[in-house]
Structures are given as structure tokens and as C-alpha cells.
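To keep things clear, I will list the structure first and then write my remarks on it.
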Amino acid sequence: MASSPHQIALNVLCLLHTVCLLIGPTHVQAAPRIVRTDKGQVRGWTHRVHNVYGQHKKKVDVFYGIPYARPPVGELRFMHPEQIDPWDHVLDATKKPNSCMQEPDKFFGDFAGSNVWNPNTNTSEDCLYLNVWAPHERTPHASANKAVMVWIYGGSFMSGSSTLDIYDGKFLAAEEDVVFVSMQFRFGALGYLVLESLNSPGNAGMMDIRMALEWVQRNIHNFGGNAHNVTIFGESSGAASAGLLMLSSLGRGLFHRVIMQSGSPLAPWATTTLKEGIRRSKVLAKRLGCDPRDKDWAILDCLRNVPAWKFPKEEGKDIQGYAQFPFVPVVDGTFLTKSPQEYLAEGNFKKIPLLMGSNANEGTWLLVYIEPGLFNLNSSSLISQKSHSNVMDRLFQFYPQYPTELGQIAKEAVKFQYTDWLRPTNQESLRYQVEQSVGDYHFVCGVADMASTVASYGQNVYVYSYSHRSSQNPWPKWMGVLHGDEIFFLFGKPLHKHLSYTKEEAKLSKKIMKFWANFAKTGNPNRGPEEEDRQEWPKYTDEDKLYLNISLNVLSNKQNWAAGIKPQHCSFWRNYLPTLAHLGSPSVNSSCTRSSASKSGAESSTTRKPISGWLCLISLILSVVTLTKTQAV
């Protein structure tokens, strides 16, 4: 019997529907997600998130590349961001935005360990865009909206991008029911060049982040987020940036909790003075063909005609020393009116809950870049006592920053502190001590010091030390748990079905996401809004200094906390070395020299001068001991 035209049409429709299901993208729903912002409508897409357990979690709405400021090009180069103009069409927010101008890391060639941090979209000055991942299901009332987590990427204030695959917010949004936001912001000279001109005021990169946070306050409720429950979190220079926002009066009212991973505004590389910022800017101007002796307006006019790609190529060539990032936030009198140390000493900061920590081997990542002759990917990087001594001299040539040099007496103190005197010639121990000195100085102790200061003002503080080495870590084993390793677990990489993480690592990833999201929701990593406090992670106080060791052990019911993150080493950097560096300064040394030189005659020049030198050294050491004891009291 022949089919009727109606039946044929129905069969064709069914066939087309089946084909569409088979070949259509499984992560995109038939209807796009359109949300209205205060500047115009944006169209995103809906992603169905699958995890390693094969579970279908909540669908997540994704919006890429929402503009939050005018493109900082032409006359706006180096200036603080300006509000974007409204648009009257539906803006396509389904494609990842440009990354800000930077040089990709090709130091190790095509190596997965470094490539993961390289930009995965085109680089451009036109880069001030943000991204949103939001659970698809919305709550009917704004008062029940979800906690918001705003990510600030790291990159030494020289690189980074919110579009990196490693920063995909889908698992945090799906697994933990939070709204996740990330933004692009300027860095390097284009973000931090400063002159004594209103058209180049400095700290443009920090003001970019601030403007993105203002966008969150005005718009996040339209994505199901709660503007009154915003947590900013970041890693490395991103953590330092979050901390600076906690200090600056311009950051007040924009967020309610802070998470800092492997970074702090107290880090020696996190800020510099206005004078030094201007000096570095004029040095770069000369390198780019502009006359630094000109008036500021003329220098800026010249620099605005330099192609943007030249800035990241040239900006670091005149800075000496290790981990001396060329363009960083400055004490400009507006965003920062004083140094981070002064803000904290005065208690002049936003009093909010804080979660922060560092990794077990923070220094190894820096060493393979700055001392590749000794520390590299193709050997065990064992070193001798002589190499230990020589590399320490180079690592701490400048203190606290270039161009101030550290005296030899102070350098010897660093070597003494970072020698295992039970095994002073053991090559593995010598390698370990070098990487620990770098990690402690640049990352670990700044975290510990800020945690203690904030806790001393009665704020809820939670501190961790991350010590799990991933089974998928491509870096050599001697490098341990590197700077940035926790990020893979925080963003759910072990939950990807096609990656080869262990089941235990997938559980650890979920645990870390839960800790971070709980903190964002309640200010306590131990519990969510409707959960009992499990007391897995004790508060950090200025008295007992308890911190959580995050490794596979947190999956058990064992106690995984300890007291004090490297208290002796951090006291060395905080109290002892600054005093010794001051006593070993040229002015103090010159008095010793004058004392020795004041002796007359052959006898004094051959006999008494060495004795006087030793007495001077002993005097310096006794002075340091006295001052250190005074500070301890």
C-alpha cells in the first residue's frame, strides 16, 4: 500500500531529526542562550558537562568575549580603561576573545609543560573582554542567586590569558553550582608603563581588573550570580593582583572574599616605586626609538606610534637579575598610596575572609629558566658545593629589587640558611636547598606573612600547602610539585574522560573544587550553605598557624594539618636578612673602611687592618642578633 503524502512528510521529518541528533554538536542546545547586560544583549551557548564518572551534570551556559571596556588602542594606549559604548544588536559571545599582547614561551620549544600556558587565541591590544560560565538552571529570586568566583590569571605581569584551556570554568560551574567569571587584562609595558602624565598614569592593568569587577557588580545577576557574594581568586601575579585589590581603597565594595594561590602583594616582584617605574619606562622608550629626555607628552606620542607587538619583545631586555619582572604595579598615589608592607602594618586593608597557600617546590619552575646550565629538563640537575655557592650569589645579586645589590656578607647568610648541615656535600640536598631558597623568597614566605597579618586582625584565614605531584606532570621528577600545579586540579582536569589521571586524582580534584567553592559560598572551606562544618581544614591564627597539607591524604579521615609554614626560613627573610642587608650597606661598610684606614704606618696597614675588618664583621653580626631578638620580643 502506497504511503500518503502526509506519512512521507512525517517520515522525512523524523529522518532529518535523527540525522541532526547524530551529526549535530552535542554540547550546544537548539536554542542559544541570550542574556541582557547594561550595555546590550549577548548570545552564548549551552554546554552539557560530562565528567570522568560518566555522570550528566547540570548544563552550563557559556559566554565568551563580552566587552567590558573600550579597546585600549590609539590615544587610549597606556591609559586607564574607559567604559564601553552600548550596542543595539545581539552580540555573538560564542567565540573566545583575543589575548592581550605577549610573546609566547618558546624557551623549551614544543614542550607540553610550557605550551599549556601559551595564548591560544590571537594576540591584540583590543583585548578587554570577559567570559562567564553559569549553571543553566536559574533561581527565581535574585536573593537566591549563586556565589560568583572571578579568576585573575598569573604570568609574571608579562603574559597570560583567560581563554587558556586550563582555565575552562565549566567544571567549577557544573560541579559546584557557582557562576565563574574570567577576564582579559593588560600586562607588561602596555599595562604598567608609567610617566608623570595623566595620559600614562600607570597601573592600567589593575584598573582593567577593577573595571571588570564593576561589570560583575552591575550585570552578574542576569547570569544567575549574586553580586553580594563575589570571591576573587588568582595564582602567582594573579594572586598578587587580588591581594593589591584587597589593599587599595579602589577595590573596596567590589568583592567579599579573596583566594591567593602562590602569590602575595608582599612578594619582592609584586610592586615597585613610582620612581623606578618611570625609570624603567624611559629606558624602554629609548630602546623603542623614543627620546627619554623629551617631555612626557612627546615620549607618549612617540610610544603610541610604536607597533604593539614590539613592546613584549623589548620590555625585559634592560632589567638585570632573576625574577625581576620589568613592568609591575607601582605606588602611584591613586590605586596604591603606599607600599603593601605599609598597608598591612597599619591594618589598612579590606577585612574579609582569606584563603591562601603555596606549593611544595615553588622554586624549580624559575630555576630551569634562569639557570638552565645547572637546572634543566634533561638531567637530574645535581650540583656541587661550589655550584651551590656560585648560583646563590647570582640568584640574590639584587635585593629586594634591581638595581639595589645585596652585599656579600648577606649573601653568605643566605647560603648558610639554605645548607643542610647534616648533609652539606650531598648533591641532591644542595639542589633542593637552592630551589627552596628561590621558592621561599619569591612565593612561600610572602603568603605566610600576609596570612599572619590578616589573621592578627581577627579575620578568618585558611592556609594550605599543596604537595601532590600529578601522574600527568610532564616536567622531570626532580622538580617536584611546581608553581601552578594545583591549577590543573582546581579546574577539574582530572575529571576529563580522555585524560589519564587516576581515580584518586579525580577525587582529589573534586575535593579541591569543593574546598574553594565552599569558601566562595560561605567563607569557610569546610562547609557549604546548608552543610555542617566538617572541621577538615582548621583556621589559621597568628598564634598556632595551622595549615592544611593538600595531597591524596585529604581523601582519608586522617588529620592532615600542621603548624607553621617554614617559620624559621620565613623569619630569616622577614627579620634577619633585611637587617643584615642594611648593616652591610655601603654607608655602614664605609664606616668600617674608615676605621681601618684611619690607622697610620706600615704596621697598621699590614697587621691591624685585617683585625679591624674582623671586628667590624663581628660587630655587624652582634648587631643583627640584637636587633632580631628585639624584633622577636
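Residue numbers for the sequence shown, in mature numbering (1 follows the signal peptide of the UniProt record, and there is no 0): -30 to -1, 1 to 603.
For glycine and all other residues, C-beta sits at the position ideal for the given N, C-alpha and C.
CB contact flag (residue i, residue j, <8 Å)
i: L306; j: S218; result: yes
i: G175; j: N101; result: no
i: V404; j: L337; result: yes
i: S465; j: F141; result: The question names Ser, yet the displayed sequence has Leu at residue 465. The answer is yes: Cβ separation under 8 Å.
i: V253; j: N199; result: no
i: E166; j: I54; result: no
i: L270; j: N169; result: yes
i: W103; j: G139; result: yes
i: K320; j: M216; result: yes
i: P282; j: G195; result: no
i: G10; j: W57; result: yes
i: N348; j: M449; result: no
i: R227; j: I322; result: yes
i: V19; j: V30; result: yes
i: D75; j: P171; result: no
i: P41; j: D96; result: yes
i: I179; j: F203; result: no
i: residue 609; j: M71; result: Lying outside -30 to 603, the shown extent of the chain, residue 609 is not represented and no answer is given.
i: F127; j: A237; result: no
i: Q406; j: G333; result: yes
i: N318; j: E456; result: no
i: Y137; j: P37; result: no
i: W335; j: L452; result: yes
i: L61; j: V12; result: yes
i: I229; j: W486; result: yes
i: D147; j: P89; result: no
i: S207; j: G124; result: yes
Member of the options whose CA lies at the smallest distance from the CA of residue i
i: M362; options: S521, T389, A143, D503; result: T389
i: Q442; options: L469, M216, Y372; result: L469
i: T310; options: R18, C260, S349, G213; result: The residue you asked about is not Thr; residue 310 is Pro in the sequence shown. The shortest C-alpha separation from P310 is found at G213.
i: Q429; options: P548, N329, G493; result: G493
i: P235; options: S526, A421, Y372, M449; result: A421
i: S504; options: L516, Q294, N527, T93; result: The sequence as given places Arg at residue 504; Ser does not occur at that position. Selected option, being the one with the closest Cα: N527.
i: residue 604; options: E95, V149, P296, N90; result: Look at the range of the chain in this structure, -30 to 603, and you will see that residue 604 is not part of it.
i: F345; options: L273, W445, K473; result: W445
i: N115; options: L525, P499, N519, E284; result: P499
i: A380; options: R3, N192, P548; result: P548
i: L224; options: L183, K477, W543, V384; result: L183
i: H539; options: H438, Y427, L163, C415; result: C415
i: G286; options: F542, M181, A255, D266; result: A255
i: R47; options: E502, S207, L163, R3; result: L163
i: P508; options: R257, A532, E501; result: A532
i: P277; options: S94, R3, L400, K447; result: S94
i: A383; options: F33, T91, D147, Y546; result: Y546
i: A209; options: I535, V417, K463; result: V417
i: H358; options: K385, M181, I340; result: K385
Rounded distance between the beta-carbons of residue j and residue i, thought under 8 Å
i: G161; j: E205; result: Contact doesn't hold; Cβ gap of about 18 Å is too wide.
i: F78; j: S69; result: Not a contact, Cβ separation roughly 20 Å.
i: L376; j: A551; result: 6 Å
i: A490; j: T133; result: So it is not a contact: roughly 22 Å between Cβ atoms.
i: Y432; j: P495; result: 6 Å
i: residue 616; j: T511; result: Nothing in the structure corresponds to residue 616, since the chain is present only between -30 and 603.
i: F366; j: Q294; result: Actually they are not in contact, since the Cβ atoms of F366 and Q294 sit about 12 Å apart, beyond 8 Å.
i: I353; j: Y434; result: Actually they do not touch by this definition, with Cβ atoms about 30 Å apart.
i: F193; j: V5; result: 6 Å
i: I289; j: P299; result: Incorrect: roughly 16 Å between the Cβ atoms, too far for contact.
i: Y402; j: W543; result: 18 Å between Cβ atoms; not a contact.
i: E284; j: R263; result: Not a contact, Cβ separation roughly 19 Å.
i: L525; j: K463; result: Actually they do not touch by this definition, with Cβ atoms about 17 Å apart.
Opposing strand residues paired with residue i [DSSP bridges]
i: F368; result: E375
i: G194; result: Per DSSP, none; premise fails for G194.
i: G204; result: I122, M230
i: residue 605; result: The chain is shown only over -30 to 603; residue 605 falls outside these bounds and no answer can be derived.
i: S435; result: S328, N519
i: S152; result: N101, W121
i: Q11; result: R6, V60
i: K116; result: G195
i: W531; result: L518
i: P37; result: Y99
i: V300; result: T242
i: P171; result: V164
i: T93; result: S69
Residue i beta carbon near the ligand PLP (any heavy atom closer than 7 Å)
i: T304; result: The ligand PLP is not part of the structure shown, which contains no ligands of any sort.
- Run through the stretch 440 to 486 for me and flag every whole alpha helix (DSSP H) of 4 or more residues, listed as ranges in chain order. 456 to 460
- Pick out the complete beta strand (DSSP E) segments inside the stretch 58 to 85, 3 residues or longer, and give them in chain order. 60 to 62
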